[in-house]
Structures are given as structure tokens and as C-alpha cells.
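These protein sequences, in sequence, are chains D and C.
Note that my numbering has the first sequence beginning at 5, numbered continuously upward.
Note that my numbering has the second sequence beginning at 5, numbered continuously upward.
No residue lacks a Cβ here, since even glycine has one placed at the ideal position from N, Cα and C.
2 protein chains.
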Amino acid sequence: MAASPESPDILYVGELEIRLEEGLVLATGRALTLSVREFELLVAMARRSGAIITREELYSSVWGGELRAGDRSVDVYVSKLRGKLESALPDRRFIHTHPGFGYRFQPEPSRNVHMEPAGG
Amino acid sequence: MAASPESPDILYVGELEIRLEEGLVLATGRALTLSVREFELLVAMARRSGAIITREELYSSVWGGELRAGDRSVDVYVSKLRGKLESALPDRRFIHTHPGFGYRFQPEPSRNVHMEPAGG
DNA sequence: GCGGTGCTTTCACGCTTTTTTCACGCCACG
DNA sequence: CGTGGCGTGAAAAAAGCGTGAAAGCACCGC
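Given below as C-alpha cells:
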């Protein structure tokens with residue numbers, strides 16, 4: 005693991021501003037109402053924005069401990085978080101599923117087709 | 005570390021960046037959406053870029069076990085991978101067929117120039 | 001104590017994507 | 001032509017995922 009030079013107080017990803025100390029998230033200046041789990045999940049993903057993060061990693065960094073087989077907590081909270089992000093920023097897509105791998109957090113236009121094979 | 009070559013975290017082949025730990029592939033910076041099999045096939049080929057790899061080798065390193073007679077899995081996934089690479093990088097050709105031998109992974113201009121490096 | 005409220009965990013159903021398998025057709029070669 | 005090798009669309013089977021809702025808890029005002 006690389007030693008990060010400093011831990012910032014605020015993360016900026018797309019039009020999101022995540023205030024770590026306060027537990028507050030602003031979307032284009034407007035506050036989102038997130039629960040503790042939702043907030044920590046968002047932070048865990050935003051910290052590694054652009055990378056694919058496995059459910060195991062997300063679970064251990066948000067819930068602590070090992071993800072047990074069959075535990076769908078991560079999926080459920082990803083779904084909740086998506087709902088809130090989507091209603092705050094309908095034109096953005098932040099959470100991308102990579103089946104078999106995990107999730108990737110990255111702001112992209114919501115209609116955009118990624119880079120699918122032709123016809124997708 | 006004299007004895008064994010370290011295994012890198014990231015492979016670079018042409019304009020592809022293959023992040024092994026994450027299961028993520030970037031083509032000129034943009035994320036490709038690959039399935040698990042597609043990704044592992046790409047990795048198996050990229051690791052031996054420039055060499056001809058037989059179907060047996062590819063099968064055993066991606067699927068594990070022996071390739072059964074008549075099993076076309078490798079061909080099918082080579083085709084899928086070609087499709088995605090081609091739509092991401094239309095000007096490149098990565099996967100070359102050597103009939104009777106196997107496949108060779110190497111970035112080349114996609115034009116139908118039929119020239120070998122030596123002679124021609 | 002009691003019912004109400006909000007968060008978390010768990011369960012289950014159905015849809016989507018991936019993987020496997022099958023089959024048809026093209027191509028090079030003898 | 002006949003044959004081996006290969007590309008690839010599509011059906012069938014399997015795995016993965018999204019999500020509504022039930023159930024368990026903690027907290028709060030009455």
C-alpha cells in the first residue's frame with residue numbers, strides 16, 4: 005500500500021462534494037440525506053473512484069470483517085445509494101456494475117452507452 | 005529479488021492498460037466492460053504477447069483442466085474479445101489467427117495490410 | 001409501558017448477463 | 001469436390017444482480 009501524503013477532509017467526485025468529517029454530501033450544492041451505511045459506502049467507493057472494487061473490499065471497509073457467502077448487504081446498499089444519487093443527479097450515473105468483478109464508481113453521463121460492442 | 009521475476013500489477017500492450025488486480029481494462033484511458041472469461045483470456049494472451057499460443061494452453065490457463073475434443077469455447081471467446089477490442093480500438097488488430105497452431109496476441113495496425121515484419 | 005419512526009439485516013423473486021453448447025457457413029488446401 | 005480448421009449467431013443453461021418487502025433493533029415522545 006502506498007502511503008498517501010495526506011487524508012483530505014473533503015472528496016470531490018463529479019458534482020458531488022463529500023465532507024468526511026461532517027458526514028455530509030452535497031450534490032451541486034444541495035444536501036443529500038444519507039444513512040450511516042449509505043454514507044460510508046459512498047466514501048469507500050469515492051475514495052477509489054475509477055477502479056473496480058469487489059464486494060469483499062466494500063464489505064470489509066464499510067461493515068468490517070469478512071463478507072459471508074450469500075450476504076447481499078452490499079448489493080442492497082448499492083441499490084439504495086443509486087436511488088438517492090439518481091434522484092439528486094438524474095443526468096449522471098456514478099455506480100457501474102461489472103458482473104463477476106464488483107462495482108466501479110465514476111461519474112458518467114447517464115444515457116451514454118459505455119464502450120459496448122456494436123449493437124449493444 | 006534476483007531469482008524470480010516479479011509479476012506486475014499492470015500490463016501494457018499497445019494502448020491497452022490491463023489492471024490485473026482489479027479486473028479492469030482501459031483502452032486509451034476508457035474502461036472496457038469485459039466479462040470474467042473475456043478478461044482472463046485477454047490476460048493469458050497479453051502475458052505472452054507476440055508468441056503463438058495454442059488453444060490447449062489458453063483453455064488450461066483460463067478454464068483450467070484439459071480442452072476436450074470438439075470444445076469451441078476458446079474460439080467463441082476469442083471472437084467476443086475481438087469484437088470488444090475492435091469496437092474500442094478500431095484501428096488496431098490484436099488477435100491474430102495462425103491456422104493449425106493457435107492465436108498470437110500483438111498490436112498491429114488494423115488495415116488489411118498483409119505484411120510480415122520481415123520480407124514480404 | 002406503548003406505539004411510532006427510521007435504519008439495518010435478511011429473504012425471496014424475477015430479470016439480466018454470462019457461460020456453454022450447437023450448428024451453419026466460409027475458406028484454404030489437396 | 002471433400003475435408004479440416006475456423007468465425008460467429010443463436011439457443012439453452014447457469015450465474016449474477018436489482019430490489020421490494022418483511023423482520024429485527026434502537027431511539028423517542030407520550
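Three-state secondary structure (DSSP) of residue i
i         : result
D:Arg-23  : strand
C:Glu-112 : strand
D:Phe-105 : coil
C:Leu-93  : coil
C:Leu-15  : strand
Residue i, enclosing alpha helix (DSSP H) - first and last residue
i        : result
C:Glu-61 : 59-66
D:Arg-51 : 40-51
Contact check, residue i vs residue j, beta carbons under 8 Å
i         : j        : result
C:Val-78  : C:Arg-97 : no
D:Pro-103 : D:Gly-18 : no
D:Leu-89  : D:Val-66 : no
D:Ile-56  : C:Glu-26 : yes
C-beta neighbour in chain C for residue i, strict 8 Å
i         : result
D:Gly-104 : yes
D:Ile-56  : yes
D:Val-78  : no
D:Arg-108 : yes
Bounding residues of the beta strand (DSSP E) (the contiguous stretch that carries residue i)
i        : result
D:Leu-36 : 34-36
C:Ala-31 : 28-31
is_contact[residue i, chain D] using C-beta, thresh 8 Å
i        : result
C:Ser-39 : yes
C:Leu-62 : no
C:Ala-35 : yes
C:Glu-26 : yes
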